[in-house]
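To start, the structure under review is shown below, and the notes come after it.
Numbering (this note's numbering), first residue to last: 523 to 733.
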């Protein structure tokens, strides 16, 4: 599909600058593990895909939390971030794709858990449906959504730019679009407790046989 205005920004210098602001650091690991321990609890799965992984820190947290027992996958549209992801030495990525959510070269229902963290907020409202359709298509069992929340859809400025950040109730968006999707849990990540994350809401869903 044609590139969206938001995707063009993230593929270019703007996205490269974001990647440069991120780095692996040992002091972040305990915080990241606590976040995903709270969200995933006793969930059992064998493979995970992060859509919009950047350099892969969330995957690092999950890999350490599950002691390397899960197969890690990533989709990242920015070339430099993708290169850092695929050359890091903190974990083994099983499959990684330098592409966007709109053109993931993955079979239907091929990954146990597919998730985004601060990614759907950067997709324009007209393209959001197609994005979550692809996430839903690729997910076999679970979908995790970690994003900014707003009761009503709203656009807010982002680093001096318009048209790059959109907040809404993403949990409701998923459930309205996929009525047979079952929500398992939801919650809030408070930046004061988890300083490497923003104040974010999260929703965990399960695909049912009717999906």
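Each residue gets a CB set at the ideal place from its N, CA and C atoms; glycine is no exception. Being a predicted model, the structure only gives us computed values, none of them experimental.
Looking at the structure shown, is residue 589 part of a helix, part of a strand, or coil, going by DSSP? In the chain shown, residue 589 corresponds to position 67, counting from 1. It is coil, neither helix nor strand.
Can you find a CB in chain C that lies within less than 7 Å of the CB of residue 680? Included in the structure is just one protein chain, with no chain C present.
For residue 728, list the residues DSSP reports as bridge partners. Taking the first residue of the chain shown as 1, we reach residue 728 at position 206. In the DSSP output, where bridge partners are listed per residue, residue 728 has 664 and 704.
Do you know whose CA, among 526, 531 and 525, lies nearest residue 681's CA? One-based indexing of the chain shown puts residue 681 at position 159. When only C-alpha atoms are compared, the closest one is 531.
Bounding residues of the alpha helix (DSSP H) (the contiguous stretch that carries residue 609): To locate residue 609, count along the chain shown from 1; it is residue 87. Its alpha helix (DSSP H) spans residues 601 to 609.
Hey, could you find the ends of the alpha helix (DSSP H) residue 625 is sitting in? Here residue 625 is taken as the residue at index 103 of the chain shown, counted from 1. Element bounds for residue 625: n/a, residue is neither H nor E.
Using CA coordinates, which residue listed in 631, 672 and 668 is at the minimum distance from residue 720? Within the chain shown, numbered from 1, the residue matching residue 720 stands at position 198. Answer by Cα proximity: 668.
Return the bridge partner residues of residue 516 from the DSSP annotation. Any question about residue 516 goes unanswered here, given that the chain covers just 523 to 733.
Would you mind stating whether residue 603 and residue 577 have Cβ atoms separated by less than 7 Å? Position 81 of the chain shown holds residue 603. Position 55 of the chain shown holds residue 577. Cβ atoms of residue 603 and residue 577: closer than 7 Å.
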